[in-house]
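Here the structure is laid out as structure tokens; the discussion comes afterwards.
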Amino acid sequence: MLDEVLKTVDGRRQQAVTALSEFLAIPSVSTRPEHAPDMFRCATWLADQLGKADMEAQVLPTAGHPIVLAKNRHQPGRPTVLLYGHYDVQPPEPLEQWISPPFEPHVRKTEAGTDAIYARGAADDKGQVWCHAEAILAWQSHGGLPVNLTVLIEGEEEIGSDHLQSFISEHRQSLRADIAVISDTNQFARGVPAITYGLRGLAYAQIILTGPSHDLHSGLFGGAVPNPANVLCQIIASLHDSSGRVNIEGFYDDVLELTPHERQMWQRLPFDEQQFARSVGIPHGSGERGYSTLERKWARPTCDVNGLTAGYQGPGAKTIIPSRASAKLSMRLVPNQDPDRIMKLFERTIRGRCPDNVKLELNWFGASEPVLVPVDSPPMQLAAEALRIGFGCEPTFMREGGSIPVVGMIKRLLGIDTLLVGFGLPDDRVHSPNEKFDLDALHAGSRTAAALYDRLSRLTDSAPHGPGAAQ
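In the numbering used here, the protein residues as written are 178 to 648.
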């Protein structure tokens, strides 16, 4: 049966591009209140498309943007798969840097000579969601999916998924499943499809320092009063030692070290250190000593300044001691590090290094757990088979340095692991002008999704797991 389904996918290549173009043309920018009607329109459009594939699809309200929830006809004894994705996109600015308008999808050649569709959301995440829609449509034309499928597509991923946890908690019984699938990640490189088995977690902080009650003349007061900007620079500089390690006591206590097998596996990947440096406009990389670039990016914790604000920023000079200085910092965490514990260590460190004549305010903007899924688990091996079928080549296993908070949320609330099977490419310019999704990736991703549902139908234990399971 799978061969016939794949033939249907192959025969829909142009239809897939046409449908994806309609999806991309809806400016579903979740962070902008003026796009609220577009958010509802996008959710409704997607629910209609899933309905055409004989899915029972609903647009369900939240306190923010709506969620699309769809199911096929669930049959006893079949494994249940939960598919997660998002239909919201980042703002397109700066608009002047787009070659074609961000919400007028356009197919043209990439720098690599391949064909791609250019639009905001092309790779993140509408193109990858549409790969699964194509697979569902193809299976439906051959009698229906071989698994029980629940589809959850949210509209707030790009703004922190503020209402997703409450939605999952409220609909826990309806969302129970054996495995979750997310396609919102990348291939390792063109021609090297990948399953992502690890993600770094995140803790995000803001430091606000206040000294004098107002800005002061630097000639009259300099050297006699605390300068919050100087103090902030000193604190930030103290957060790393000379070897590039994070200088917070206890920060590395729980870090799960790489296994020799992982190191060997990553060393075999086609990664060029010099090309990596050139691609981001630097002469060479940097970071914690004793680790390769991939190891630093994927498996080591970090602490990075994301933004700094202090003093006069206008044209010319203004000689002041600023009253206030602030910084935003993100800490990427690796398996076994607990975000709550790291936040406490960070706060203790910052308070210990701040002088008592400067007021310190510390704010947190969210946290997510790191994720690590065993590569030898049956679902991971079945996903690898699906990628071989879809792309026609051997996949690899990789980690990613970013965070996908919903993965930890699904594990915590539903008790199931997540397969991260993504079809994007590192050069897709996600969150940047001229975002794209290769048409070959759209096609191979659709084939992979179709094969994945076939392979996951072979999961032997189809009893619902975790706290959402029936008692």
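Just so it is clear, CB atoms sit at the ideal spot from N, CA and C, and this is done for glycine as well.
Task: Continuous alpha helix (DSSP H) stretch holding S346: start and end - done: For this step, residue 346 is matched to residue 169 along the sequence shown. According to the DSSP assignment, S346 belongs to the alpha helix (DSSP H) that extends over 341–347.
Task: Backbone secondary structure at G543 - three-state DSSP - done: Taking the first residue of the sequence shown as position 1, residue 543 is located at position 366. Correct three-state label for G543: strand.
Open item on the list: Once DSSP output is grouped into helix, strand and coil, what is the label at N363?
Closed with: Translated into the one-based positions of the sequence shown, residue 363 becomes position 186. Of the three classes helix, strand and coil, the one that applies to N363 here is strand, per DSSP.
Task: Neighbourhood of D302 by C-beta, 6 Å cutoff - its chain only, sequence neighbours within 5 removed - done: One-based indexing of the sequence shown puts residue 302 at position 125. Excluding sequence neighbours, D302 sits near G262, H263, D361.
Open item on the list: Among the candidates R501, I498, L539, L549, whose CA atom is the shortest distance from the CA of E514?
Closed with: Counting from one through the sequence shown, the residue named residue 514 turns up at place 337. Checking the sequence shown, residue 514 turns out to be Gln, not Glu. If you compare the alpha carbons of R501, I498, L539, L549 with that of Q514, the shortest gap goes to L549.
Open item on the list: Taking the beta carbon of F542 as the centre, do at least 16 other beta carbons fall within 10 Å, making it buried, or is it exposed?
Closed with: For the purposes of this step, residue 542 is taken as residue 365 along the sequence shown, with counting starting at 1. By the neighbour-count rule (16 or more Cβ atoms within 10 Å), F542 is not buried but exposed.
Task: Nearest to E347 (by Cα), restricted to the options I244, K474, E538, G488 - done: Indexing the sequence shown from 1 puts residue 347 at position 170. In terms of Cα proximity to E347, the closest of I244, K474, E538, G488 is I244.
Task: Stretch pair the segment 442–450 + the segment 468–481: three plus CB contacts closer than 8 Å - done: The segment 442–450 makes contact with the segment 468–481, as at least three CB pairs between them are under 8 Å.
Task: 8 Å Cβ cutoff met for T327 and K248 - done: Here residue 327 refers to the residue found at position 150 when the sequence shown is read from its first residue. Here residue 248 refers to the residue found at position 71 when the sequence shown is read from its first residue. Contact: yes.
Open item on the list: For H391, count the other beta carbons within 10 Å of its own beta carbon; 16 or more makes it buried, fewer makes it exposed. Which is it?
Closed with: One-based indexing of the sequence shown puts residue 391 at position 214. H391 is exposed by the Cβ-count criterion.
Task: Whole-Å CB distance - V324 paired with P253, under 8 Å assumed - done: Reading the sequence shown from its first residue, position 147 is the one you call residue 324. Reading the sequence shown from its first residue, position 76 is the one you call residue 253. Cβ-Cβ separation between V324 and P253: approximately 13 Å, too far for a contact (criterion under 8 Å).
TODO: Please name the residue in L597, G578, A628, P610 whose C-alpha comes closest to that of R377.
DONE: Residue 377 sits at position 200 when you count from the first residue of the sequence shown. For R377, the nearest C-alpha among the options comes from G578.
Task: Close beta carbons around I313, own chain, < 6 Å, minus the five adjacent residues each side - done: Numbered from 1 along the sequence shown, position 136 holds the residue referred to as residue 313. For I313, the CB contacts under 6 Å within the same chain, skipping 5 residues up- and downstream, are A230 in chain order.
Task: First and last residue of the uninterrupted alpha helix (DSSP H) at F600 - done: For the purposes of this step, residue 600 is identified with residue 423 of the sequence shown, where counting begins at 1. Per DSSP, F600 belongs to no alpha helix (DSSP H) and is neither H nor E.
TODO: Throw me the rounded Cβ distance for the V258 and A354 pair, which I believe falls under 8 Å.
DONE: What you label residue 258 is simply residue 81 of the sequence shown in a count that begins at 1. What you label residue 354 is simply residue 177 of the sequence shown in a count that begins at 1. Right, their Cβ atoms sit about 6 Å apart.
- [ ] Within 10 angstroms of the Cβ of E181, are there 16 or more other Cβ atoms? Answer buried if so, exposed if not.
- [x] As a first step, residue 181 must be located in the sequence shown, where it is residue number 4. Exposed, by the Cβ-count rule.
Task: Close beta carbons around P204, own chain, < 7 Å, minus the five adjacent residues each side - done: Here residue 204 refers to the residue found at position 27 when the sequence shown is read from its first residue. Only residues of its own chain outside the window of five on either side were considered, and among them H212, D215, F280 have a CB closer than 7 Å to the CB of P204, listed in chain order.
Task: Chain-order list of residues whose beta-carbon lies under 6 Å from that of C221 (same chain, five-residue window excluded) - done: As a first step, residue 221 must be located in the sequence shown, where it is residue number 44. Looking at the sequence provided, one finds Thr at residue 221 rather than Cys. V236.
TODO: In angstroms with no decimal places, state the Cα-to-Cα distance between G585 and I566.
DONE: Mapped onto the sequence shown, residue 585 falls at position 408. Mapped onto the sequence shown, residue 566 falls at position 389. Cα to Cα, G585 sits roughly 29 Å from I566.
Task: C-beta contact flag for L379 and R509 at 8 Å - done: Locating residue 379 in the sequence shown gives position 202, where the first residue counts as 1. Locating residue 509 in the sequence shown gives position 332, where the first residue counts as 1. The Cβ atoms of L379 and R509 lie closer than 8 Å to each other.
- [ ] Identify, in the order they occur along the chain, each residue of the same chain with its Cβ nearer than 8 Å to the Cβ of L636, setting aside the five sequence neighbours on each side.
- [x] Indexing the sequence shown from 1 puts residue 636 at position 459. Taken in chain order, the residues that qualify are P256, D355, I356, P555, P556, L559.
TODO: Measure the CB-CB distance between D265 and E311 and report whether it falls below 8 Å.
DONE: By 1-based counting over the sequence shown, the position of residue 265 is 88. By 1-based counting over the sequence shown, the position of residue 311 is 134. No. Outside cutoff.
Open item on the list: Just to confirm my understanding: we take M232, look at its own chain, exclude 5 residues before and 5 after, and list those with CB closer than 6 Å. What are they?
Closed with: Numbered from its first residue, the sequence shown carries residue 232 at position 55. Excluding residues within five positions, the ones whose Cβ falls inside 6 Å are A247, N249.
Open item on the list: From the DSSP secondary-structure annotation, give me the bridge partner or partners of Y374.
Closed with: Taking the sequence shown and counting its residues from 1, one reaches residue 374 at position 197. According to DSSP, Y374 bridges with nothing at all.
Open item on the list: Can you confirm whether the segment 393–400 touches the segment 413–424 when touching is taken to mean that 3 or more C-beta pairs between the two stretches lie within less than 8 Å?
Closed with: No, the segment 413–424 does not touch the segment 393–400.
TODO: Figure out for me which residue from L619, Y630, P268, S634 has the closest Cα to the Cα of D187.
DONE: Residue mapping note: residue 187 aligns to position 10 of the sequence shown, counting from 1. The shortest Cα separation from D187 among L619, Y630, P268, S634 belongs to L619.
Open item on the list: Mapping the DSSP letters down to three states, classify M575 as helix, strand or coil.
Closed with: Position 398 of the sequence shown, counted from the first residue, corresponds to residue 575. Reduced to three states, the DSSP call for M575 is strand.
Task: Of the listed residues I372, F614, G467, nearest to S419 (C-alpha basis) - done: Start at 1 with the first residue of the sequence shown, and residue 419 comes out as number 242. Looking from the CA of S419, the closest CA among I372, F614, G467 belongs to G467.
- [ ] Just mark S338 as buried or exposed, buried being the case when its beta carbon has 16 or more other beta carbons within 10 Å.
- [x] Sequence index remark: in the sequence shown, residue 338 carries index 161 (1-based). Burial state of S338 is buried, judged by a 10 Å Cβ sphere holding 16 or more other Cβ atoms.
Open item on the list: Classify M178: buried if its beta carbon has 16 or more other beta carbons within 10 angstroms, exposed otherwise.
Closed with: Residue mapping note: residue 178 aligns to position 1 of the sequence shown, counting from 1. By the 10 Å Cβ count, M178 comes out exposed.
Open item on the list: Taking the beta carbon of E331 as the centre, do at least 16 other beta carbons fall within 10 Å, making it buried, or is it exposed?
Closed with: The sequence position of residue 331 within the sequence shown is 154, counting from 1. By the neighbour-count rule (16 or more Cβ atoms within 10 Å), E331 is buried.
Task: Check whether V511 and P551 have beta carbons under 8 Å apart - done: Position 334 of the sequence shown, counting from 1, holds the residue named residue 511. Position 374 of the sequence shown, counting from 1, holds the residue named residue 551. No, the Cβ-Cβ distance between V511 and P551 is not below 8 Å.
- [ ] Measuring alpha carbon to alpha carbon, tell me which of Y295, A240, T239 ends up nearest D132.
- [x] Not covered by the structure: residue 132. The range shown for the chain is 178 to 648.
Open item on the list: Could you tell me which whole beta strand (DSSP E) segments of length 3 or greater appear in the segment 246–309?
Closed with: Look at the segment 246–309 and you find these whole runs of beta strand (DSSP E), each 3 residues long or longer: 257–263, 283–286, 292–295.
Open item on the list: Is the beta carbon of A563 closer than 8 Å to that of L650?
Closed with: With the chain covering 178 to 648 only, the question about residue 650 has no answer from this structure.
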